[in-house]
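Comments concern the structure below.
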């Protein structure tokens, strides 16, 4: 029973709306989709690196300059950073109990990830375009 004797609501009615904010499932799905994408992109990346292992600079640059390779390389780096942010966010939310430290850590990892992803994308574009 409830603590208030005048509360005539059903216990189920009182419990509704007290659960999650409905954002955890989206986060979970995004993390799983980025993981699945990284499996395929990771296999491509390992094959790409192994094929370019003993190539000289000009050959490696020409391989990155191919449109599909540049696109897949950008997709790999962006997906890897996105997946890393999602994973670190879960760890920080679960294990950092000081609110200000949690917020600062979340902002910092997102800032570093965006900066790293932009640097990787810029590097691939510069190599692909020959700038």
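Numbering (this note's numbering), first residue to last: 164 to 294. We put the CB at the ideal spot given by N, CA and C, even for glycine.
- In this structure, residue 204 places its C-beta atom within 8 Å of the C-beta atom of residue 235.
- If you look at residue 200, you'll find it in the alpha helix (DSSP H) that goes 187-214.
- Residue 217 and residue 197 have their C-alpha atoms some 30 Å from each other.
- The shortest C-alpha to C-alpha distance from residue 283 to any of 274, 241 and 249 is the one to 241.
- Residues 215 of the same chain have their beta carbon placed closer than 7 Å to that of residue 223, with the five preceding and five following residues left out of the count.
- For residue 277, the number of other beta carbons within 10 angstroms of its own is below 16, and it is reported as exposed.
- Within its own chain, the residues whose Cβ lies closer than 7 Å to the Cβ of residue 291, once the five positions on either side in sequence are excluded, are 227, 228 and 233, listed in chain order.
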